[in-house]
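Visitor: In my numbering, the protein residues as written are 236 to 452.
Ideal Cβ placement from N, Cα and C applies to all residues, glycine included.
As the structure is a prediction and not an experimental result, all values here were calculated from the model.
#1: Let me know if residue 369 comes out buried or exposed under the rule of 16 or more other beta-carbons within 10 Å of its beta-carbon.
#2: Nearest to residue 237 by alpha carbon, out of 344, 429, 394, 381?
#3: Quick check for students: name the residue ranges of the alpha helix (DSSP H) that lie wholly in the segment 265-321, counting only runs of 4 or more.
#4: I need the boundaries of the beta strand (DSSP E) containing residue 243, first residue and last residue.
#5: At the level of alpha carbons, what is the spacing between residue 446 and residue 428?
#6: Does DSSP classify residue 389 as helix, strand or coil?
#7: Determine, using beta carbons only, whether residue 308 and residue 382 come nearer to each other than 7 angstroms.
#8: Tell me which residues share the same chain as residue 425 and place their Cβ nearer than 6 angstroms to its Cβ, disregarding the 5 neighbours each side in the sequence.
#9: Determine the contact status of residue 301 and residue 279, defining contact as a CB-CB distance below 7 angstroms.
#10: Please state the DSSP three-state secondary structure of residue 414.
#11: Using beta-carbon positions only, say whether residue 442 and residue 390 come within less than 7 angstroms of one another.
#12: By a C-beta neighbour count over all protein chains shown, 10 Å radius and 16 as the cutoff for buried, is residue 397 buried or exposed?
#13: Classify residue 379 as helix, strand or coil using the three-state DSSP reduction.
#14: Taking all protein chains shown into account, do 16 or more other C-beta atoms lie within 10 angstroms of the C-beta of residue 247, making it buried, or fewer, making it exposed?
#15: Residues in the same chain with beta-carbon distance under 7 angstroms from residue 332, minus the five sequence neighbours each way, listed in chain order, please.
Below, the structure is given as structure tokens:
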């Protein structure tokens with residue numbers, strides 16, 4: 236995933252070029268928030284490669300303690316078929332988290348993944364599940380194992396997956412609440428829309444009723 240043409244938006248929508256320490260701070264914020272909601276890299280930080288105007292996110296995997304594992308659509312041999320590869324819905328949560336950090340820091344940037352197949356952000360315009368829905372029915376399988384994108388990599392434990400979804404939403408909203416933004420209504424609406432879309436459309440989500448004190452832990 237590539238975050239390019241990074242600029243900070245100041246008064247009256249004027250953009251300014253970032254300083255290197257600001258890019259480092261931005262990378263640190265993205266790493267910390269992704270880790271907090273259950274995403275990690277086996278090689279250290281998710282954001283490891285960055286320069287003055289760009290950063291690259293790579294090797295994003297599930298934290299098994301938070302999400303459990305997903306079943307490979309390409310193999311049925313246990314236990315090797317259960318892996319920490321993200322599914323379409325978990326990628327949507329990652330995208331939402333990245334847009335949340337960029338909004339909190341008033342960052343204008345272009346964000347793309349899968350060699351531009353998914354547009355996550357264009358300058359200050361955040362993309363959401365509705366924008367990505369045209370890719371939900373892509374066949375990402377093989378001749379022998381065809382499968383559409385939104386059904387692939389199903390969670391081994393649906394309840395664990397669903398609880399992680401609910402906790403991720405709460406943590407993203409809390410992150411915004413604790414920021415210095417004066418008006419958090421727009422970014423809150425963006426977060427809640429994406430999670431509502433997921434709950435209504437994701438075939439793996441089950442109503443676990445965890446949006447309680449238990450989900451805040």
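Guide: In brief:
#1: Against the chain shown, residue 369 aligns to sequence position 134. So residue 369 ends up on the exposed side.
#2: Within the chain shown, numbered from 1, the residue matching residue 237 stands at position 2. Closest option to residue 237, Cα to Cα, is 344.
#3: 299-302
#4: Counting from 1 along the chain shown, the entry for residue 243 is found at position 8. For residue 243, the enclosing beta strand (DSSP E) has its first and last residue at 237-244.
#5: Translated into positions along the chain shown, residue 446 becomes position 211. Translated into positions along the chain shown, residue 428 becomes position 193. Unreliable placement is indicated for residue 446, whose pLDDT of 48 sits below 50; the coordinate value is still reported in the next sentence. Approximately 16 angstroms between the Cα atoms of the pair.
#6: Here residue 389 refers to the residue found at position 154 of the chain shown. Coil.
#7: Counted from its first residue, the chain shown places residue 308 at position 73. Counted from its first residue, the chain shown places residue 382 at position 147. Yes. Within cutoff.
#8: In the chain shown, residue 425 corresponds to position 190, counting from 1. 361, listed in sequence order.
#9: Taking the chain shown and counting its residues from 1, the one referred to as residue 301 is at position 66. Taking the chain shown and counting its residues from 1, the one referred to as residue 279 is at position 44. Against a cut-off of 7 angstroms, the Cβ pair of residue 279 and residue 301 comes out as no contact.
#10: As a position in the chain shown, residue 414 is number 179, starting the count at 1. The DSSP-derived three-state label of residue 414 is coil.
#11: What you label residue 442 is simply residue 207 of the chain shown in a count that begins at 1. What you label residue 390 is simply residue 155 of the chain shown in a count that begins at 1. Going by C-beta atoms, residue 442 is not nearer than 7 angstroms to residue 390.
#12: As a working note, residue 397 is residue 162 in the chain shown. It is buried - the Cβ of residue 397 has at least 16 other Cβ atoms within 10 Å.
#13: For the purposes of this step, residue 379 is identified with residue 144 of the chain shown, where counting begins at 1. Coil at residue 379, not helix or strand.
#14: Against the chain shown, residue 247 aligns to sequence position 12. Exposed, because fewer than 16 other Cβ atoms sit within 10 Å of the Cβ of residue 247.
#15: For the purposes of this step, residue 332 is taken as the residue at position 97 of the chain shown. Cβ within range, chain order: 268, 269, 272, 407.
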